[in-house]
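Some notes on the structure that comes next.
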Amino acid sequence: MDYFFNFLKLFQGLVAKNVKITHLGLDNVSSICAIDVAYKGNIGFAAAIRKADNQIEKRVISGNIDLPYVPGFLFIREAPIMIKALEGFQCDLILVDGHGLAHPRKSGIATVIGVLIDKPVIGVAKSKLIGEIVNEGNREYIIVNGEKVGIKSGKYFYSPGNLTDLDDCISLSSKGYPDILKLADKLSKEAKK
DNA sequence: GCGACAG
DNA sequence: ATCTTGTCGC
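What follows is the structure, given as structure tokens:
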């Protein structure tokens with residue numbers, strides 16, 4: 001199992017080299033998607049929500065997830081089913097439950113998904129994985145190796161996944177925890193029942 | 001060796 | 001993430 005995770009690290013290194021940190025601008029976003037996964041034993045239930053104008057589309061799929069959860073390697077468990085759940089949903093921005101750049105190898109699940117499907121992604125996590133929280137101005141930044149890799153707002157952590165930047169994260173966080181993520185969380189948890 | 005550790 | 005009762009707070 002040792003060489004397996006070593007391989008995953010190499011993969012994450014490749015992902016990190018291909019991330020594009022660019023400003024998206026939430027004003028240009030008219031369609032947005034969110035995904036979350038809930039479990040019932042080894043079965044994962046992925047919920048994808050798409051919101052455009054006032055139209056909301058939902059999708060839930062399920063599948064076996066046997067690999068163990070190891071901090072820093074969440075993507076190997078959830079990225080495959082999340083990508084599948086998003087299939088066919090056109091979105092200007094995707095919100096993923098987990099970190100993006102705020103990761104030991106700058107390759108959290110939001111980054112992996114964003115690079116693989118080449119779409120704008122922002123990672124929103126409920127707890128910290130790495131970094132120290134530093135107050136500057138009126139905000140709390142997630143600092144890793146002296147670099148601002150994300151921002152903390154309230155009890156949540158936002159970091160760029162792909163084709164977005166810190167400013168986008170700040171804009172998003174200023175609106176509070178996204179309703180669409182709450183919906184995805186709720187839907188996935190309902191599905192496992 | 002010890003603490004930290006997305007979901 | 002999930003297992004779970006009562007309990008503190010808005």
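For the first sequence, our numbering begins at 1 and goes up steadily by one.
Glycine included, each C-beta is placed from N, C-alpha and C at the ideal position.
Owing to the predicted nature of the structure, the values given are computational and were not obtained by experimental measurement.
When you compare only the Cα positions, how much space is there between valine 134 and glycine 146? 10 Å
Contacts around asparagine 42, its chain only, beta-carbon distance under 8 Å, and the 5 residues preceding and following it disregarded: Asn64, Ile65, Asp66
Going by Cα to Cα distance, which pick from Phe5, Lys175, Ala102 is closest to valine 144? Ala102
Would you kindly report the start and end of the unbroken alpha helix (DSSP H) that includes tyrosine 3? Note, tyrosine 3: alpha helix (DSSP H), 2 to 17.
Tell me whether aspartate 27 is buried or exposed, calling it buried when 16 or more other Cβ atoms sit within 10 Å of its Cβ. Aspartate 27 is exposed by the Cβ-count criterion.
Inter-residue spacing [alpha-carbon to alpha-carbon] between arginine 139 and valine 121: 21 Å
Could you please give me the residues that DSSP links to proline 120 through a beta bridge? In DSSP, proline 120 forms no bridge with anything.
Evaluate isoleucine 56 with the Cβ neighbour count: other Cβ atoms within 10 Å of its Cβ, from every protein chain shown; 16 or more gives buried, anything less gives exposed. exposed
Thinking just about the alpha-carbon of each residue, which of Lys155, Leu93, Asp185 is nearest to the one in aspartate 165? Leu93
In whole angstroms, what separates the C-alpha of arginine 77 from that of valine 37? Near 10 Å, if we compare the C-alpha coordinates of valine 37 and arginine 77.
Please list the segments of the beta strand (DSSP E) lying wholly inside the stretch 28 to 77, counting only runs of 3 or more residues, in order along the chain. 31 to 40, 43 to 52, 55 to 64
Take tyrosine 3 and list the residues in its own chain whose beta-carbon comes closer than 7 Å to its own, dropping the five residues that flank it on each side. none
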